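Numbering (the working numbering), first residue to last: 21 to 406.
Idealized CB from N, CA, C, for every residue including glycine.
Note that the structure is a prediction, hence the values are computed from the model and not measured.
Quick notes on the structure that follows.
As structure tokens, this is what we get:
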């Protein structure tokens with residue numbers, strides 16, 4: 021039985037440790053949502069930048085949501101490599117379009133577009149906010165990102181704010197819902213205290229901070245805009261704060277092959293730019309899945325104790341999945357009907373999602389090349405001088 025407890029023992033410990041901080045995270049989300057909705061006073065003039073690369077599902081509506089923010093003074097810049105990347109009929113009124121036409125070996129097209137767009141931001145903007153073209157945000161999204169960075173905020177060590185995404189496919193199918201369950205695991209890592217990274221589809225930074233910590237230098241020889249900005253923030257001794265009201269929603273659907281290719285790309289990027297985070301996830305999932313397999317095998321052989329061990333291992337993860345969905349429902353009240361109908365998968369599908377995490381982690385273990393938006397990149401780690 022040594023093989024059983026070799027996997028099942030650590031799996032049990034990891035499962036119960038994963039519940040630590042869930043109550044604190046729930047309290048944080050509730051408190052921050054209340055603060056963000058009341059955020060007023062001196063909201064800094066802002067520039068919102070969204071890169072576009074061809075026709076995303078719902079692109080017109082996503083850009084319209086960014087153009088209709090409940091925010092007193094901001095501009096919206098749509099940036100693309102060339103005019104051919106901006107589909108006809110998707111741009112809202114009063115949007116500025118910047119065409120980068122930039123090429124730089126080793127640097128991703130999106131990163132090049134962002135670097136160019138920042139240079140074209142209006143001079144009186146004091147805040148840079150970044151969004152992705154495949155996400156839809158609420159009217160209070162920009163307020164939520166700005167709130168932690170206001171001059172009245174007592175914590176001077178905050179360098180950037182971030183939201184995250186939630187996949188709410190409509191209408192749903194198996195692989196689209198599985199992508200939602202899989203990606204929600206990352207959403208569940210954001211909360212109080214320092215956060216590991218800012219997510220590029222919903223992040224903001226003060227203009228003064230952006231230039232003081234040399235983000236543009238970190239945006240060289242990289243494919244990941246968000247990991248690079250996060251590195252700049254952390255190297256400066258600053259923190260990234262989570263803004264629950266800045267969640268973005270993607271309602272598109274995906275197939276199995278597209279989902280697995282996308283997930284592998286995300287984890288390959290993480291392995292190159294955040295190796296410690298990748299290794300931690302890999303080791304944890306080896307024990308999670310090994311513990312499940314050992315308990316199932318022992319149960320088949322007639323061990324009643326193994327059945328209880330399996331239940332004890334699965335329950336914390338499923339409870340955590342339920343909590344992730346509950347908090348996302350609070351963060352995204354306009355999608356209440358979707359959560360009422362489909363949130364159950366974030367409880368019952370967690371064990372299957374754990375196995376898919378292990379499969380994708382193993383698939384991302386080799387190779388430094390990825391395909392992204394029609395381009396092929398070789399990933400490498402570069403640490404720019406500051």
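- Under the three-state reduction of DSSP, residue 392 is assigned to strand.
- A direct Cα-to-Cα measurement between residue 51 and residue 263 gives close to 11 Å.
- Distance from the CA atom of residue 364 to the CA atom of residue 355, rounded to whole angstroms, is 15 Å.
- A residue is called buried once 16 or more other Cβ atoms fall within 10 Å of its Cβ, and residue 401, having fewer, is exposed.
- Closest in alpha carbon position to residue 46, among 368, 382, 351 and 240, is 351.
- Three or more beta-carbon pairs separated by less than 8 Å are not found between the region 61 to 72 and the region 279 to 286, which leaves the two stretches without contact.
- In the displayed model, residue 106 falls within coil according to three-state DSSP, outside both helix and strand.
- A straight line joining the alpha-carbon of residue 107 with that of residue 75 spans about 6 Å.
- Only buried fits residue 130, as 16 or more other CB atoms lie within 10 angstroms of its CB.
- Of 44, 156, 164 and 28, the smallest CA-CA separation from residue 64 is found for 164.
- Of the candidates 24, 202, 195 and 358, 202 places its Cα closest to the Cα of residue 337.
- Residue pairing of residue 358 in beta bridges, as defined by DSSP: absent, with no partner found.
- Between residue 214 and the set 275, 343, 167 and 258, the nearest pair of CA atoms involves 258.
- Between residue 28 and residue 315, the CB-CB gap stays under 8 Å.
- Under DSSP, residue 306 shares a beta bridge with no residue.
- In the three-state scheme derived from DSSP, where H, G and I count as helix and E and B as strand, residue 71 is classed as strand.
- CA-to-CA, the gap between residue 340 and residue 398 works out to about 36 Å.
- Counting along the chain, residue 148 sits inside no alpha helix (DSSP H); it lies in the beta strand (DSSP E) bounded by residues 147 to 151.
- In this structure, residue 296 keeps its C-beta atom at 8 Å or more from the C-beta atom of residue 384.
- If you draw a 10 Å sphere on the C-beta of residue 322, you find fewer than 16 other C-beta atoms in it, and that means exposed.
- Following the DSSP letters along the chain, one finds residue 341 inside the alpha helix (DSSP H) bounded by residues 324 to 351.
- Secondary structure at residue 141: coil, using DSSP grouped into helix, strand and coil.
- Rounded to whole angstroms, residue 118 and residue 102 show a C-alpha spacing of 9 Å.
- Where residue 182 is concerned, the enclosing beta strand (DSSP E) starts and stops at 178 to 182.
- Listed as beta-bridge partners of residue 263 by DSSP are no residues whatsoever.
- Using a Cβ distance threshold of 8 Å, residue 267 and residue 348 count as a contacting pair.
- Partner residues in the beta bridge of residue 223, as assigned by DSSP, are 150 and 182.
- With contacts defined as CB atoms closer than 8 Å, residue 261 and residue 178 qualify as a contacting pair.
- Comparing alpha carbon positions, the residue from 278, 80, 235 and 38 closest to residue 194 is 278.
- Annotation for residue 97: the continuous beta strand (DSSP E) segment containing it runs 94 to 100.
- Approximately 7 Å separates the beta-carbon atoms of residue 249 and residue 180; this is inside 8 Å, confirming the contact.
- In the displayed model, residue 397 falls within a strand according to three-state DSSP.
- Per the C-alpha coordinates, the member of 143, 158, 24 and 224 positioned closest to residue 169 is 224.
- The Cβ atoms of residue 183 and residue 222 sit closer than 8 Å to each other.
- No Cβ-Cβ contact shorter than 8 Å links residue 135 with residue 189.
- No Cβ-Cβ contact shorter than 8 Å links residue 252 with residue 366.
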